[in-house]
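Notes to accompany the following structure.
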Amino acid sequence: MLYIDSLLNLSKGAQVLHVPDMAGRYYSVQFTDPWDGTNFAYVGKRTTGTRTGGYLMSGPGWKRAGAQGITQIASPHNSVLVIGRAFVESDSDLSTAYGLAKQIQVTPLSRWQSGH
1 MLYIDSLLNL SKGAQVLHVP DMAGRYYSVQ FTDPWDGTNF AYVGKRTTGT
51 RTGGYLMSGP GWKRAGAQGI TQIASPHNSV LVIGRAFVES DSDLSTAYGL
101 AKQIQVTPLS RWQSGH
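Each residue of the sequence shown is one higher than the last, beginning at 1 in full-length UniProt numbering.
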């Protein structure tokens with residue numbers, strides 16, 4: 001299993017999580033309150049499938065219209081711990097899994113709207 005983590009500050013604006021086509025591979029991204037460990041959302045094979053997807057993460061009170069074509073995830077707090085996992089089948093699968101995991105990216109909404 002490969003692990004990915006990020007601590008986000010949503011007080012300055014929303015962020016976009018991009019997930020590549022995972023080609024049927026198990027993966028998960030959980031969104032957690034870093035202060036009490038409560039999970040408030042999941043993206044992954046079991047919840048959203050393995051196709052390419054975009055997810056807008058916004059903090060409390062965020063009122064702007066969401067970006068077209070992506071799903072909004074509303075956080076109860078401005079701080080969000082994002083923990084991702086990508087399954088590795090074997091030693092020979094490591095480079096493929098790593099290549100996919102590197103494509104799971106978080107980008108500020110303003111930068112995402114301007115084409116990254």
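Where a beta carbon is used, it is the ideal one built from N, C-alpha and C, also for glycine.
{"Asked": "Does the beta-carbon of Y98 have 16 or more other beta-carbons within 10 angstroms, so that it is buried, or is it exposed?", "Found": "exposed"}
{"Asked": "Could you check the C-alpha separation between S11 and N78 for me, to the nearest Å?", "Found": "5 angstroms"}
{"Asked": "Specify the secondary structure class of D93 as computed by DSSP and reduced to three states.", "Found": "helix"}
{"Asked": "If we count Cβ pairs, one from each stretch, closer than 8 angstroms, do we get three or more for the stretch 83–91 versus the stretch 53–69?", "Found": "no"}
{"Asked": "Could you check the C-alpha separation between T32 and D93 for me, to the nearest Å?", "Found": "29 angstroms"}
{"Asked": "Of all the options V82, S114 and K102, which has the alpha carbon lying nearest to the alpha carbon of M22?", "Found": "K102"}
{"Asked": "Just to confirm, are A74 and S58 a CB contact at a threshold of 7 angstroms?", "Found": "yes"}
{"Asked": "Return the residue from the list G115, L109 and S114 that minimises the CA-CA distance to Q15.", "Found": "L109"}
{"Asked": "For W112, count the other beta carbons within 10 Å of its own beta carbon; 16 or more makes it buried, fewer makes it exposed. Which is it?", "Found": "buried"}
{"Asked": "Per DSSP, M57 is paired with what?", "Found": "Q15 and I73"}
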